[in-house]
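Chains as they are written, first to last, in the working numbering: chain A, 41 to 473; chain B, -8 to 409. Just so it is clear, CB atoms sit at the ideal spot from N, CA and C, and this is done for glycine as well.
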């Protein structure tokens, strides 16, 4: 029996990896100094970041919060930090933040938009997070009427009687559908609601107001401004453009030739022109298109146009989601005996909307950013106010502080929307990976 | 025994229009069409009624009346005695100019940023992410207004270039001056110029430019021919003749020869009096619009480029190496053609967005088509309906032509699947 001269019976102890490939040095070698090109890139970017921070940080912190004009600001900074120092004049934000937030809304009524905004968070919560009790959705449904009343003021019976239109329409739907079928149910619901709004709702509201007067001090639309205006237009557009977009997308994919042609025409027309031309329509032409003597609120006109604009983009996004669904899903729904609307509601839309979440949220973000365009037709959104502030004698010459602040607020809104869409995508991820 | 009986003949009832799926779609369509036509008729009748009450029936005659206002940036001859139509055309050219400049810069920036975002270099990739998130999440109008404000407030005035110890100096060997009135750059001039040619008597085009372009594209076409010949030789014999020096010469020499023949030289901007004279004056509004639109759109293009590169699986590279292709051949023959198919459609739609966003020019006073036709002309003549309809028609035709290009491209590169 031959015996091996040497057989190791126990494992040699593991050696630590070389210092150059592990720990922080290894990470730096791998990610920062991997080859000469990468090393140059790293060094150049480090120098760039360093130079930028060297400029920005002292500027940001050698600042003045208390001055009342740009000149006073500069003098204060020179006094404190020496004659060569230049610093940010954040005082403009301190002095004007109320205006940048609320525009020319009467300052003793600021509690109303603030309350509306807090309630908005409450109304959005059950929509955004499904873990909350579903009963809260009733509040979300009521929120538009509460917010309208809080922001514009006036009699409480106006929004309530508008709400009543929806209730009567819904009642008609429930009454007619079991006896005469879904189509007649829907038609009668629409007819009842429109009849209510056009003919009955106004007198009823007036009568109720004279009987039981409950009203807030009315605020004119031209006093709206600042971020309040952007959020009001943005949220309305977001809430209204999704359902309209879904209908347009379904219409565009429909077999009904005329319906399809109408939807394609609408979508392509809206997508082919810049939003600014539609806002011109809102500010100058909409009154010409309506019966003589009609004159309704400029903000409402802008909301309609912004909604139609993003609905067309939304329709294209959702159409992409619908096209991405395998045919088998449609056929399976048909095989189960579901009719068109049941199939859409229970099988197709939940999946198609899930696929198109990034696009939908992208459209929302675009819409919110586009609310700044109302500045061009003379509404006082943050950018419009910034022009006014810069034209003011005290703040003439201010640039970075003002636009930096506005950009930061917009950035926070839009970035949180895009993060939420990523969260939603992860949560709805059902495939196994 | 079974007897064959006809099914009972259905008589047509009115309710079948709704309940019978054979007729229902017809009913819906007819109702939709009627509803649409009623709405349309209602709007038109309202419009006519309102306009006649205002005393200005629809009439495009104002387009041929003298405009009476000046346009500070014009690519073709224009003065305030010219018609509104010509003013609109000057504006349209300005729109196309800023759109072309913007698309070019945005593509360059976007491709660089998109590629760098995929870099293995941690810090570079992070920086590019910061750039993209910063620019995508802030309204483009804010960028436009911000760049305009920076140009006006922080750039030196022309007088600061004067004197013994000027506080500001020109860049690139005294050829470029950045002032708060705009940027002055050298202009190409020709000592033996061929002069201009008039097109339809409406505007002039420089013959020098035409000669240069003809030489350039002729050279490119000749170079293509050489490449085709090399391809043929390679297909027949397997040997590829070295052609890069011939092709480079064909592209470079003819345009340079034309430039020399025409006596090309640069006219530099010079400080005279209170302002710079000579050179090309790029106004603040153009610079603001151009930079802001490019920086903003570049963030979106970068994302498209990144998605396109990520869409090509690593197996493609490996397969190309396995076939013995070199690195550059792999890139040119395998990766780029596939990535381009993914990248180009969103790229073109970003070009479209940039063109539409250029209508924000009105916020900084750049005289594009929105500023002329939709701005001053509309306000001076009070012809809102006609101006806006015309404006929409113009933008719509630009958009539709860009989409037509995109559809043509998509059809051409569509994967042929079995």
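With a cut-off of 8 Å on the beta carbons, I'd call residue 377/B and residue 195/B a contact; round off their distance for me.
If you number the second chain from 1, residue 377/B lands on position 386. If you number the second chain from 1, residue 195/B lands on position 204. Actually they do not touch by this definition, with Cβ atoms about 29 Å apart.
Determine, using beta carbons only, whether residue 303/A comes closer than 7 Å to chain B.
Counting from 1 along the first chain, the entry for residue 303/A is found at position 263. Not one chain B Cβ lies under 7 Å of residue 303/A.
Per DSSP, what kind of secondary structure is residue 248/A in: helix, strand or coil?
On the first chain, residue 248/A is found 208 positions in, with the first residue counted as 1. Helix at residue 248/A.
Near residue 8/B, which residues of its chain fall below 6 Å by C-beta distance, leaving aside the five closest residues on each side in sequence?
On the second chain, position 17 is the one that residue 8/B refers to. So the qualifying residues of the chain are 14 and 18.
Step through the CB atoms of chain B and report whether any lies within less than 7 Å of the CB of residue 454/A.
By one-based count along the first chain, residue 454/A stands at place 414. Yes, contact with chain B.
Along the chain, which unbroken stretches of the alpha helix (DSSP H) at least 4 residues long are found entirely within the segment 275 to 331 of chain B?
275 to 302 and 305 to 313
Pick helix, strand or coil for residue 111/B, following the three-state DSSP scheme.
Stepping through the second chain from its first residue, residue 111/B is reached at position 120. Here residue 111/B sits in coil by DSSP.
Taking DSSP as the reference, what is the three-state secondary structure of residue 170/B?
Here residue 170/B refers to the residue found at position 179 when the second chain is read from its first residue. Correct three-state label for residue 170/B: strand.
Under 7 Å, Cβ to Cβ, is there at least one residue of chain A near residue 36/B?
In the second chain, residue 36/B corresponds to position 45, counting from 1. It does not; no Cβ of chain A falls within 7 Å.
Quick one: does residue 407/A have its CB under 7 Å from some CB of chain B?
Stepping through the first chain from its first residue, residue 407/A is reached at position 367. Output row for residue 407/A: interface = no.
Taking the Cβ atom as the reference point for each residue, do residue 386/B and residue 314/A lie within a distance shorter than 7 Å?
One-based indexing of the second chain puts residue 386/B at position 395. One-based indexing of the first chain puts residue 314/A at position 274. Yes, they are a contact pair.
Given this structure, state the Cα-to-Cα distance separating residue 367/B from residue 274/B, to the nearest angstrom.
Position 376 of the second chain, counting from 1, holds the residue named residue 367/B. Position 283 of the second chain, counting from 1, holds the residue named residue 274/B. Distance between the alpha carbons of residue 367/B and residue 274/B: 19 Å.
Which residues in chain B have a C-beta closer than 7 Å to the C-beta of residue 331/A? List them in chain order.
Taking the first chain and counting its residues from 1, the one referred to as residue 331/A is at position 291. What residue 331/A touches in chain B: 37.
Measure from the C-beta of residue 437/A to each C-beta in chain B and report whether the shortest distance is under 7 Å.
Position 397 of the first chain holds residue 437/A. Yes, its Cβ sits closer than 7 Å to a Cβ of chain B.
So, does the CB of residue 81/A fall closer than 7 Å to a CB anywhere in chain B?
Position 41 of the first chain, counting from 1, holds the residue named residue 81/A. Taking Cβ atoms only, chain B reaches closer than 7 Å to residue 81/A, which makes this a yes.
Which whole runs of the beta strand (DSSP E) in the segment 158 to 235 of chain B are 3 residues long or more, in chain order?
168 to 170, 173 to 176, 178 to 181, 187 to 190 and 194 to 197
Using 8 Å as the cut-off, can you tell me whether the segment 361 to 369 of chain A makes contact with the segment 386 to 402 of chain A, which would need three or more C-beta pairs spanning the two stretches below that distance?
With three or more CB-CB distances shorter than 8 Å, the segment 361 to 369 of chain A counts as touching the segment 386 to 402 of chain A.
Going by the CB atoms, is the gap between residue 171/B and residue 328/A shorter than 7 Å?
Here the question's residue 328/A lines up with position 288 in the first chain. Here the question's residue 171/B lines up with position 180 in the second chain. It is not a contact, given that the beta carbons lie outside the stated cut-off.
Distance cutoff 7 Å, beta carbons only. Does residue 410/B sit that close to anything in chain A?
Outside the shown range of chain B (-8 to 409) lies residue 410/B, about which nothing can therefore be said.
By the three-class DSSP mapping on this structure, what secondary structure does residue 264/A have?
Along the first chain, one-based indexing puts residue 264/A at 224. Reduced to three states, the DSSP call for residue 264/A is coil.
Counting only beta-carbon separations shorter than 7 Å, does residue 410/B have a partner in chain A?
Residue 410/B lies beyond the residue range present for chain B, which begins at -8 and ends at 409; the question has no answer from this structure.
Going by Cα to Cα distance, which pick from 21/B, 224/B, 45/B and 57/B is closest to residue 371/B?
Counting from one through the second chain, the residue named residue 371/B turns up at place 380. Checking every option, the nearest Cα to that of residue 371/B belongs to 57/B.
Could you tell me whether the segment 287 to 299 of chain B touches the segment 91 to 111 of chain B, where touching means 3 or more Cβ pairs closer than 8 Å?
yes
Which residues share a DSSP beta bridge with residue 273/B?
Translated into the one-based positions of the second chain, residue 273/B becomes position 282. According to DSSP, which records beta bridges pairwise, residue 273/B is partnered with 174/B.
Any residues in the segment 221 to 237 of chain B with a beta carbon nearer than 7 Å to a beta carbon of chain A? Which ones, in chain order?
none
Assuming contact is defined by CB atoms lying nearer than 7 Å, are residue 299/B and residue 247/B in contact in what I supplied?
Start at 1 with the first residue of the second chain, and residue 299/B comes out as number 308. Start at 1 with the first residue of the second chain, and residue 247/B comes out as number 256. Contact: no.
Would the segment 74 to 83 of chain B and the segment 43 to 63 of chain B be scored as touching if the rule is three or more Cβ pairs under 8 Å?
yes
Starting from the beta carbon of residue 391/B, find every residue of chain A whose beta carbon is closer than 7 Å, and list them in chain order.
By 1-based counting over the second chain, the position of residue 391/B is 400. What residue 391/B touches in chain A: 312.
Name the residue from 206/A, 193/A and 408/A whose alpha carbon lies nearest to the alpha carbon of residue 272/A.
Indexing the first chain from 1 puts residue 272/A at position 232. That would be 408/A, whose Cα lies nearest to the Cα of residue 272/A.
Determine the chain B residues that contact residue 71/A at a beta-carbon separation under 7 Å, and present them in chain order.
In the first chain, the residue the question calls residue 71/A occupies position 31. Near residue 71/A (Cβ distances below 7 Å), the residues of chain B are 111, 112 and 113.
Taking the alpha carbon of residue 175/A as the point to measure from, which residue in 116/A, 162/A and 60/A has its own alpha carbon closest?
Against the first chain, residue 175/A aligns to sequence position 135. With distances taken between Cα atoms, residue 175/A lies closest to 162/A.
Comparing alpha-carbon positions, which option in 390/B, 205/B, 369/B and 402/B lies nearest residue 90/B?
Working through the second chain from its first residue, we reach residue 90/B at position 99. It is 390/B.
When you compare only the Cα positions, how much space is there between residue 269/A and residue 147/A?
Sequence index remark: in the first chain, residue 269/A carries index 229 (1-based). Sequence index remark: in the first chain, residue 147/A carries index 107 (1-based). Looking at the two C-alpha atoms, the distance is approximately 15 Å.
For the ligand SAH, I want to know if residue 139/A counts as a neighbour, meaning its beta carbon is within less than 6 Å of at least one of the ligand's heavy atoms.
Of the ligands one can find in the structure shown there are none, so the ligand SAH has no counterpart to examine.
Kindly list, in the order they appear in chain B, the residues whose Cβ is closer than 9 Å to that of residue 137/A.
Within the first chain, the letter at position 97 stands for residue 137/A. Among the residues of chain B, none has a CB under 9 Å from the CB of residue 137/A; the nearest is roughly 17 Å distant.
Which first and last residues belong to the alpha helix (DSSP H) in which residue 405/B is found?
Counted from its first residue, the second chain places residue 405/B at position 414. Residue 405/B -> no alpha helix (DSSP H), and no H or E assigned at all.
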